[in-house]
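S.K.:
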Amino acid sequence: MSDTPMIEFRGVNKWYGDLHVLKDINLTIRRGEVVVIAGPSGSGKSTLLRTINYLEPVQEGEILVDGQPIGRRRQGNRWVEESAADLNRKRQEIGMVFQQFNLFPHMTALENVMEGLVTVRRMPRQEAERIAREMLARVGLADRMDHRPSKLSGGQQQRVAIARALAMRPKVILFDEPTSALDPELTGEVLNVMLDVARQGYTMVVVTHEMGFAREVAHRIVFMDEGRILVDAPPDRFFRDPGHPRARDFLGRVLWHAE
Ligand SMILES: Nc1ncnc2c1ncn2[C@@H]1O[C@H](COP(=O)(O)OP(=O)(O)O)[C@@H](O)[C@H]1O
Ligand SMILES: [Mg+2]
């Protein structure tokens with residue numbers, strides 16, 4: 296196995312107009328690591344996540360995925376934008392699971408999971424179906440494959456979305472508040488599937504307020520506030536004392552609300 300980090304932020308800064316949303320981000324995520332990104336609303340967590348597959352461009356610094364710069368690369372003393380074809384090829388290797396599950400409403404669970412394999416990977420339908428069935432079984436939906444999203448609970452829909460990401464055999468899976476849209480009684484089944492994905496050795500970056508998941512599953516917790524990474528620590532240290540007043544304050548609030 297290579298020592299090349301799976302994800303590397305080098306001196307990244309990003310602005311939306313005058314708003315400085317990512318400030319001097321330096322972050323290295325190794326292969327197989329599960330990193331939870333925590334922080335108050337508006338601190339830049341989603342933006343950070345979306346720069347990893349270059350859904351959001353950055354103005355300073357660079358992001359490398361598996362050793363390759365994504366979105367743009369330096370040539371001499373200027374930046375050259377990556378071609379759409381190159382960018383799309385890299386994006387196929389980066390799975391993303393959103394708060395809103397983003398399934399196709401007119402397709403069954405099985406068809407949703409097959410879609411990327413058939414249209415993007417150009418896989419024969421039979422092979423795509425075999426993989427899709429395997430992935431849906433893995434997330435506990437063997438008996439729901441022929442259901443459309445409207446016939447599934449939120450937790451089941453999110454598990455379909457995770458199966459869809461896994462089917463592409465990504466190098467990395469990014470999760471942006473995957474349980475925030477769910478009723479509390481449905482978050483557990485989704486977190487359990489994510490735990491299973493983590494145990495398979497996937498590199499995962501997870502934006503979440505679920506501190507129980509962070510404590511049990513994350514290798515590191517990265518705390519952001521106002522566009523800056525203030526803490527980057529293993530969970531035992533983070534929960535004992537994150538070492539920064541803003542993080543202590545945040546932790547006090549989320550843990551209090553979770554009880
Ligand atoms: N497309 C956008 N245009 C302008 N401002 C944005 C855009 N997306 C997010 N922002 C702002 O950037 C900041 C960080 O947002 P975001 O990354 O969504 O934070 P978080 O996910 O931590 O809640 C917020 O102030 C937000 O209002
Ligand atoms: Mg967000």
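Its first residue numbered 296, the sequence shown is counted upward by one per residue in the numbering used here.
Note that CB positions come from ideal geometry on N, CA and C, so glycine has one too.
Bear in mind that the values here come from a model prediction, so they are computed numbers and not experimental data.
Do Leu343 and Ile320 have their C-beta atoms closer together than 8 Å?
M.R.: Indexing the sequence shown from 1 puts residue 343 at position 48. Indexing the sequence shown from 1 puts residue 320 at position 25. Closer than 8 Å, so yes.
S.K.: When you compare only the Cα positions, how much space is there between Asp438 and Thr482?
M.R.: As a first step, residue 438 is located in the sequence shown; it is residue number 143 there, counting from the start. As a first step, residue 482 is located in the sequence shown; it is residue number 187 there, counting from the start. If I take the Cα positions, the gap works out to 20 Å.
S.K.: Go ahead and pull the three-state DSSP assignment for Ala513.
M.R.: As a first step, residue 513 must be located in the sequence shown, where it is residue number 218. Ala513: coil per DSSP, three-state reduction.
S.K.: Sorted by chain position, which residues of the same chain lie with C-beta nearer than 8 Å to Trp310's C-beta, five sequence neighbours on each side aside?
M.R.: For the purposes of this step, residue 310 is taken as the residue at position 15 of the sequence shown. Closer than 8 Å at Cβ, skipping near neighbours: Val316 and Gln354.
S.K.: Considering Val485, what are the terminal residues of the alpha helix (DSSP H) in which it resides?
M.R.: Reading the sequence shown from its first residue, position 190 is the one you call residue 485. First-last of the alpha helix (DSSP H) with Val485: Pro479 to Arg494.
S.K.: I think Leu558 touches Val408, with their Cβ atoms under 8 Å apart; what is that distance to the nearest whole Å?
M.R.: A question about residue 558 goes unanswered here, because the residues of the chain that appear run from 296 up to 554.
S.K.: Do Val467 and Gly366 come within 8 Å of each other at the CB atom, strictly closer than that value?
M.R.: Indexing the sequence shown from 1 puts residue 366 at position 71. Indexing the sequence shown from 1 puts residue 467 at position 172. Not in contact: Gly366 and Val467 (Cβ atoms no closer than 8 Å).
S.K.: I want to check one thing, is the minimum distance from the CB of Val316 to the heavy atoms of ligand 1 below 7 Å?
M.R.: Reading the sequence shown from its first residue, position 21 is the one you call residue 316. Val316: yes, Cβ under 7 Å from ligand 1.
S.K.: Suppose contacts are defined by Cβ-Cβ distances below 8 Å. Is Met519 in contact with Gly339 by that definition?
M.R.: Taking the first residue of the sequence shown as 1, we reach residue 519 at position 224. Taking the first residue of the sequence shown as 1, we reach residue 339 at position 44. For Met519 and Gly339, yes; Cβs fall inside 8 Å.
S.K.: If you draw a straight line from the alpha carbon of Gly507 to that of Pro300, how long is it in whole angstroms?
M.R.: The residue you call residue 507 lines up with position 212 of the sequence shown. The residue you call residue 300 lines up with position 5 of the sequence shown. Approximately 26 Å between the Cα atoms of the pair.
S.K.: Are the beta-carbon atoms of Val549 and Val488 separated by less than 8 Å?
M.R.: Working through the sequence shown from its first residue, we reach residue 549 at position 254. Working through the sequence shown from its first residue, we reach residue 488 at position 193. Not in contact: Val549 and Val488 (Cβ atoms no closer than 8 Å).
S.K.: What is the DSSP secondary structure of Lys466, counted as helix, strand or coil?
M.R.: As a working note, residue 466 is residue 171 in the sequence shown. DSSP places Lys466 in coil when its eight states are reduced to three.
S.K.: Using three-state DSSP, classify Leu317 as helix, strand or coil.
M.R.: Locating residue 317 in the sequence shown gives position 22, where the first residue counts as 1. Three-state DSSP puts Leu317 in a strand.
S.K.: Say the cut is 7 Å; is the CB of Lys309 nearer than that to a heavy atom of ligand 1?
M.R.: Sequence index remark: in the sequence shown, residue 309 carries index 14 (1-based). Flag unset: Cβ of Lys309 not near ligand 1.
S.K.: Indicate, with yes or no, if ligand 2 has a heavy atom lying under 7 Å from the CB of Glu564.
M.R.: Past the boundaries of the shown model lies residue 564; the chain is included only from 296 to 554, so the question cannot be answered.
S.K.: Can you give me the C-alpha to C-alpha distance between Gln495 and Glu521, rounded to a whole angstrom?
M.R.: Indexing the sequence shown from 1 puts residue 495 at position 200. Indexing the sequence shown from 1 puts residue 521 at position 226. Approximately 33 Å, taken between the alpha carbons.
S.K.: Distance check for Pro352 and Met418, CA to CA, integer angstroms please.
M.R.: Mapped onto the sequence shown, residue 418 falls at position 123. Mapped onto the sequence shown, residue 352 falls at position 57. Between Met418 and Pro352, the C-alpha separation is close to 30 Å.
S.K.: Which residue's Cα is closest to the Cα of Arg305: Asp313, Arg535, Leu359 and Asn348?
M.R.: Against the sequence shown, residue 305 aligns to sequence position 10. Taking only the C-alpha atoms, the option nearest Arg305 is Leu359.
S.K.: Cβ atoms of Leu461 and Val501: under 8 Å apart, would you say?
M.R.: In the sequence shown, counting from the first residue as 1, residue 501 sits at position 206. In the sequence shown, counting from the first residue as 1, residue 461 sits at position 166. Not in contact: Val501 and Leu461 (Cβ atoms no closer than 8 Å).
S.K.: Measuring alpha carbon to alpha carbon, tell me which of Thr403, Gln394 and Trp551 ends up nearest His442.
M.R.: Counting from 1 along the sequence shown, the entry for residue 442 is found at position 147. When only C-alpha atoms are compared, the closest one is Thr403.
S.K.: Go ahead and pull the three-state DSSP assignment for Gln370.
M.R.: Within the sequence shown, the letter at position 75 stands for residue 370. If DSSP states are grouped into helix, strand and coil, Gln370 belongs with the strands.
S.K.: Can you tell me where the alpha helix (DSSP H) with Met391 in it begins and where it stops?
M.R.: Counting from 1 along the sequence shown, the entry for residue 391 is found at position 96. Premise fails: Met391 lies in the beta strand (DSSP E), Ile389 to Val392, not in any alpha helix (DSSP H).
S.K.: Work out the CA separation of Arg541 and Lys446 for me, nearest whole Å.
M.R.: Along the sequence shown, read from residue 1 onward, the residue named residue 446 stands at position 151. Along the sequence shown, read from residue 1 onward, the residue named residue 541 stands at position 246. Approximately 42 Å between the Cα atoms of the pair.
S.K.: Decide if Leu412 is buried, meaning its Cβ has at least 16 other Cβ atoms within 10 Å, or exposed.
M.R.: Position 117 of the sequence shown, counted from the start, is the residue given in the question as residue 412. Buried is the call here.
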